[in-house]
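Please read the structure below before turning to the comments.
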Amino acid sequence: MTDFLTEAKSLFEYTQSLRRDFHMHPELGFREFRTSGIVAKELEALGIEVTKGVGKTGVVGLLEGANPGPTLLLRFDMDALPIVEETGAEYASQNQGVMHACGHDGHTAIGLTVAKMLNAHREELSGTIKFCFQPSEEGTNGEDIGGAEMMMRDGLLDSPRVDMALALHLWNEQPLGWLGIAGGPMMAGAELFDVKVIGRGGHGAIPQVAVDPVMAAANIVNALQSIVSRNVSPLETAVVSVTTIHGGTAFNIIPPEVTLGGTIRTFDKGVRQRVLERFEQIVRGTAEALGCQAEIALKRITPALINDLSISEKVQQTSRRILPDSDLRTAGYLTMGAEDAAYLLEKVNGCFFFVGSANRERHLDYGHHHPKFDFDEEALIRGSALMAAAALDVLNTK
Ligand SMILES: [Zn+2]
Ligand SMILES: [Zn+2]
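Just so we're aligned: the sequence shown equals residues 47 to 444 in our numbering.
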């Protein structure tokens, strides 16, 4: 049986030097030119077939196993954030105002380490590994869609067609040694909304000739709270939050319109459908009942991230074998945060898992997107070992 933990340990210098190099030279979404160049060069050095420019700066590597079988996608994100780094680390960002504050430098380094290990085990692979180095996970950065969708638009899931997918995230909310690998929903799907409530402006003291959008907006905000309490099962989860409300200019003027903004979060497809339907009915119906009109703009940010049960179970089994000392969490780890791997897992079955990376004693426990964010690099070893071993197991036990 292959001991990927020992192999990952022996490759640690390689992984760490890549990670620190990426950390020193962070690049924003869709501008990962240097990063993706290094990724392509490293993959090519292994003899892996490389396609560049998939989803602008994305890189795809194909590793065919010795035996036929399904195609498994391994996804690693590469982008950094517009943050001024305050870690004071020797490998701190040299690109002022840009920082790897989410751990994607670690993900990219893990991906290349996994490629190196799996390439050395080609003979044992039954199927094809498609390495996906993805740009712009953190947002669309001026484009109409983010990195995962952009790569999918460029055919990421075709030729060869992807059957399954694995992805990971270093996770500073939990200590080194912790693993979160759960089947089912992991992260909520998110939408944002913008509602314009249009009335007719007038004098504050002569309301009968105006149509008051302030009162209509207030009623809409109240009525929207009935969706979660009255239209969603008490055993299901949903959030409807109105977070902005703007309108009016003076104490004696009824304004012509009021705008409302906010977000909707759901896990289940059916619940999402129901919440969105009710949202529209309530906004339009309430506005009309009070003489106003409503313009609704709804935008999906990400779908819910839902892990396949049987693939997640395999990854759990792998983790028990490869990292037996782990504090393994197999259920109930939900977060309302968003992650664009959800777009991939909406199309193919797979598992997105978390690798605990915080170390309190060494003050490596700031949260993701914090200017002092940094993680315990031992998590790189654990992440690489688990991803390589899980890839092999998932392919070979299909
Ligand atoms: Zn992030
Ligand atoms: Zn992230």
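Where is the CB? At the ideal position from N, CA and C, for every residue including glycine. These numbers come from a predicted model, not from an experiment.
Exercise for the section: Report the residue from V255, P259, I252 and G308 whose alpha carbon sits nearest the alpha carbon of L270. Expected result: When V255, P259, I252 and G308 are compared, the shortest CA-CA separation from L270 is found for G308.
Problem - Contacts around T364, its chain only, beta-carbon distance under 6 Å, and the 5 residues preceding and following it disregarded - result: Excluding residues within five positions, the ones whose Cβ falls inside 6 Å are A435, A436 and D439.
Practice task
Starting from F179, follow its DSSP beta bridges and name the residues at the other end.
Solution key: DSSP, once it has assigned bridges, lists V105 and F122 as partnering F179.
Handout entry: Nearest to G104 (by Cα), restricted to the options A86, V208, Q180 and K242
Key = Closest by alpha carbon: Q180.
Problem - When V267, I310, D314 and G192 are compared against L281, the one with the closest alpha-carbon - result: Residue D314 is the option with its Cα nearest to L281.
Practice task
Answer yes or no: do I94 and D240 have a C-beta to C-beta separation smaller than 9 Å?
Solution key: No; because the gap between Cβ atoms is not below 9 Å, this pair is not in contact.
Problem - When T290, T348 and L391 are compared against I357, the one with the closest alpha-carbon - result: Checking every option, the nearest Cα to that of I357 belongs to L391.
Practice task
Check the DSSP bridge columns for A112 and list the partner residues they point to.
Solution key: By DSSP's assignment, A112 forms no beta bridge with any residue.
Problem - H414 CB to nearest heavy atom of ligand 1 below 8 Å - result: Indeed, a heavy atom of ligand 1 lies less than 8 Å from the Cβ.
Exercise for the section: With a threshold of 16 other CB atoms inside 10 Å of the CB of N218, please say whether the residue is buried or exposed. Expected result: Buried, since its Cβ has 16 or more Cβ neighbours within 10 Å.
Exercise for the section: Could you tell me which of L108, H146, S63 and G111 sits nearest to D420, measuring between CA atoms? Expected result: Measuring C-alpha to C-alpha distances from D420 to each of L108, H146, S63 and G111 identifies H146 as the nearest.
Exercise for the section: Decide yes or no for the touch test of the stretch 197-206 against the stretch 138-158: beta carbon pairs closer than 8 Å, at least 3 of them. Expected result: Touching, no, given that fewer than three Cβ pairs across the two stretches are closer than 8 Å.
Practice task
Assign T154 to buried or exposed, taking buried as 16 or more other Cβ atoms, counted over all protein chains shown, within 10 Å of its Cβ.
Solution key: Buried, since its Cβ has 16 or more Cβ neighbours within 10 Å.
Problem - Contact belief for L119 with M232 at Cβ below 8 Å, rounded distance in angstroms - result: Their Cβ separation, rounded to whole angstroms, is 17 Å, which puts L119 and M232 out of contact at 8 Å.
Exercise for the section: Decide if E423 is buried, meaning its Cβ has at least 16 other Cβ atoms within 10 Å, or exposed. Expected result: Buried, because 16 or more other Cβ atoms sit within 10 Å of the Cβ of E423.
Exercise for the section: Note down the Cα distance separating A251 from N298, rounded to an integer number of angstroms. Expected result: Spanning the alpha carbons of A251 and N298 requires a straight line of approximately 7 Å.
Problem - Own chain partners of L336 with C-beta closer than 7 Å, once the 5 adjacent residues on each side are dropped - result: The beta carbon of L336 sits closer than 7 Å to those of M261, A262 and N265, all from its chain and outside the five residues before and after it, given in chain order.
Problem - Contact set for G294: own chain, Cβ-Cβ below 7 Å, skip 5 residues either direction - result: Excluding positions up to five away in sequence, the list reads V260 and P301.
Exercise for the section: Assuming V278 contacts V321 (C-beta within less than 8 Å), just tell me the rounded distance between them. Expected result: Here V278 really is in contact with V321; their C-beta atoms are around 7 Å apart, less than 8 Å.
Handout entry: Reduced DSSP category for V100 - H, G, I as helix; E, B as strand; rest coil
Key = When DSSP states are grouped into helix, strand and coil, V100 belongs to the strand group.
Problem - Closest residue to G149 among Y412, K393, A431 and T443 (Cα-Cα distance) - result: Just measuring C-alpha positions, the residue of Y412, K393, A431 and T443 sitting nearest G149 is Y412.
Practice task
State the Cα-Cα distance for the pair A284 and E237, rounded to the nearest angstrom.
Solution key: Straight-line spacing of the CA atoms in A284 and E237 works out to 12 Å.
Practice task
On the DSSP bridge assignment, give the partners of F400 in chain order.
Solution key: DSSP links F400 through a beta bridge to H215 and G226.
Exercise for the section: May I ask you to verify whether the stretch 169-178 touches the stretch 108-117, counting CB pairs closer than 8 Å and requiring at least 3? Expected result: The stretch 169-178 makes contact with the stretch 108-117, as at least three CB pairs between them are under 8 Å.
Exercise for the section: Could you confirm whether any beta carbon from chain D is found closer than 9 Å to the beta carbon of K345? Expected result: Reference to chain D is not applicable here, since this structure consists of a single protein chain.
Problem - Bridge partners - F239, DSSP secondary structure assignment - result: Answer is G308 and L344.
Problem - D439 - partner residues in DSSP beta bridges - result: For D439, DSSP assigns no beta-bridge partner whatsoever.
Exercise for the section: Counting only the same chain and skipping the five closest in sequence on each side, list residues whose C-beta sits under 6 Å from that of R375. Expected result: Once the five neighbours on either side are set aside, the close Cβ partners of R375 are G226.
Practice task
Name, in chain order, the residues that DSSP records as bridge partners for H292.
Solution key: Beta-bridge pairing links H292 to T305.
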